Amino acid sequence: MLGAAIGDALGAPVAGLSLDGIREAYGLAGLTELAAAHGRRGTVTASTQLTLFTVDGLIRAHVRRDTGGWHPPTDVHRAYLRWAATQHDWGPDERRKDNGWLAQEEWLYARRGPDRACMTGFADETLGTLEQPKNPTARDAAATVRSAPFGLLVGWEPALVLQLAVECATQSHGHPTAFLSAGALAVIVHGLTRGESLDAAIRRALGLLGARAQHQPVTDALRRAVSAAAQGEPSPKVVESLSPGDGRDAEDALAVAVYCALVAEDVPHGLRLAVNHGGDSTATGALCGALLGALHGETALPAAWLADLEGRSTMLELSDDFALEMTQGPALHGPSVSAPGWLARYPRG
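1522 is the number that our numbering gives the last residue of the sequence shown; the numbers go up by one with no jumps.
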């Protein structure tokens, strides 16, 4: 989560700028450090907000499993509805104890460029599905960016991780390239979290995607990224070649992120490469950050950037809670045991 958030924050100031515009604003090397966006350095966008609510939904799904109500897409969808409320409410409603602790975090109520498909997809309580997806023409990267946490389900089989990410992506983005890109990211992060190399994780994703209808744009984009990484010096020119047009389609953003992660000398190098182009810099920065964070771990992230990152304490707390639920869930809730404090943080309702 921290890697994705840093990439999001790094890309936010240059969102919507061309490469020439970035260089005009920040010099020939482009953007190399966190810069002000939304009023200060280190602020994140709606992409990071939604990623946090993905984690919240996954924890709630596991907590609610005790009741026999095991359907993770429903719990993740409820979490996304709680995020949607932050985009039009003034602040937390302390009367809603069933919202849990994350929805009480005031900083999450800042409106930070929410994606249109996310806002319309979560405008009502209807659950989008593969059979009846929300926004069937939406193919931008917003659903992909929020899908990295599915890869943290290390005890799951990769095919199930893919399926869950795809199902949850259709709740706002119904175009196959969007929801399959979300699934691809989740599978790659899953492989990295389980100790695979980035190359091996990409190959696994390609294999699983190949069995899906309409996979070609996503698998082709991944193969282009792998091929580009094997040729010549990394450069913004190569990055822009991977994201033709306006560079905002999900498969193009994923290709840029994968390429930058493959050629990265270290985390800062990879993230700088991922945001200095004319495409969706917040998405590519966040996606690359998710990959590099899963690959190298928290200690490889730039300390100075972490220090300025908005919401860092919330992310650390949520990460700890996720790990605790995944490893100690039966000791926190179950037929014979109940930790009231935990169920107040993550209500079953």
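Even glycine gets a Cβ: it sits at the ideal position worked out from N, Cα and C.
Owing to the predicted nature of the structure, the values given are computational and were not obtained by experimental measurement.
The alpha helix (DSSP H) enclosing residue i, as first and last residue numbers
i     : result
F1295 : No alpha helix (DSSP H) contains F1295, which DSSP labels as neither H nor E.
S1320 : Element bounds for S1320: n/a, residue is neither H nor E.
V1436 : A1423 to V1436
P1186 : No alpha helix (DSSP H) holds P1186; DSSP gives it neither H nor E.
L1395 : Q1389 to A1402
K1410 : P1409 to S1414
Distance CB(residue i)-CB(residue j) smaller than 7 Å
i     : j     : result
A1219 : G1286 : yes
G1176 : G1466 : yes
F1323 : V1339 : no
P1453 : A1430 : Going by the sequence as given, residue 1453 is Asp instead of Pro. Against a cut-off of 7 Å, the Cβ pair of A1430 and D1453 comes out as no contact.
P1390 : E1413 : no
A1351 : A1384 : no
P1407 : H1363 : no
R1233 : Y1519 : yes
A1290 : N1308 : yes
G1264 : E1279 : yes
A1402 : V1440 : no
S1320 : L1365 : no
R1397 : A1428 : yes
D1181 : T1221 : yes
L1371 : L1444 : no
Alpha carbon of residue i to alpha carbon of residue j, nearest angstrom
i     : j     : result
T1310 : H1348 : 5 Å
E1304 : T1259 : 28 Å
H1442 : H1261 : 37 Å
H1250 : G1200 : 42 Å
V1318 : Q1344 : 14 Å
G1405 : V1399 : 12 Å
T1299 : A1355 : 20 Å
L1460 : L1379 : 17 Å
T1293 : Y1253 : 12 Å
T1392 : A1208 : 34 Å
L1326 : E1197 : 42 Å
E1498 : W1274 : 15 Å
A1210 : V1217 : 8 Å
I1375 : L1474 : 22 Å
L1223 : D1248 : 14 Å
S1509 : V1236 : 14 Å
G1241 : Q1387 : 34 Å
L1415 : L1353 : 18 Å
G1189 : R1421 : 10 Å
H1244 : R1213 : 39 Å
L1395 : G1470 : 23 Å
A1512 : P1246 : 25 Å
D1288 : M1174 : 19 Å
K1410 : D1419 : 14 Å
T1500 : E1206 : 36 Å
R1312 : H1346 : 6 Å
Anticipated Cβ contact below 8 Å, residue i with residue j, distance rounded
i     : j     : result
G1462 : I1179 : 5 Å
G1230 : E1483 : Not confirmed; about 21 Å, so no contact.
A1447 : T1457 : 5 Å
R1255 : F1226 : 6 Å
F1495 : V1228 : 5 Å
L1192 : H1450 : 6 Å
V1360 : L1381 : 6 Å
D1271 : G1522 : 5 Å
Any chain B beta carbon closer than 7 Å to residue i
i     : result
A1198 : Absence of chain B from the displayed structure is noted, only one protein chain being present.
Contact test: residue i Cβ vs the ligand FMN heavy atom, cutoff 6 Å
i     : result
L1225 : In the structure on display, the ligand FMN does not appear, and there are no ligands present to speak of.
Which ranges does the alpha helix (DSSP H) cover as unbroken runs of at least 4 residues, wholly within the stretch 1443 to 1519, from first to last along the chain? 1454 to 1469, 1476 to 1481, 1485 to 1505 and 1513 to 1518
Complete runs of the alpha helix (DSSP H) confined to the stretch 1191 to 1270 [at least 4 residues]: 1192 to 1199, 1219 to 1237 and 1245 to 1259
Which parts of the stretch 1312 to 1377 are runs of the alpha helix (DSSP H), unbroken and 4 residues or longer, counting only runs that do not cross its ends? 1315 to 1318, 1331 to 1342 and 1349 to 1366
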